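> What follows is a structure written as structure tokens; I'll ask about it next.
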Amino acid sequence: LDISRKRPAIRLPEGVFTKDFPGYTVYVGRKDERRSKLYDISIYDLKNDLMMTAPVGELK
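In case it helps, the working numbering puts the sequence shown at residues 163 to 222.
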């Protein structure tokens, strides 16, 4: 999910399921805003009934 192209100013709160992206629910366990890193990420693709997880991600 390319968050930066869809909603560049989005704030992904820690420990909250975010439904700001049509067809997706995003969960971020922890953030390091200084390094633009996200940790314990889950992305639920509601259209295709898929779940993607990653231990670490980066916002660009």
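Glycine residues also receive a C-beta, built at the ideal position from the N, C-alpha and C atoms. Treat the numbers as computed from the prediction; the structure is a model and nothing was measured.
Going by C-alpha distance, which of T187, D207, L208 and R192 is nearest Y201?
Residue R192 is the option with its Cα nearest to Y201.
> In terms of DSSP beta bridges, what is K193 paired with?
L200.
> Please state whether DSSP places L208 in a helix, a strand or coil.
Coil at L208, not helix or strand.
> Helix, strand or coil: which one does DSSP assign to G177?
G177: coil per DSSP, three-state reduction.
> For T180, which of R197, K222, I205 and S198 has the nearest alpha-carbon?
Ranking R197, K222, I205 and S198 by Cα distance to T180 puts I205 first.
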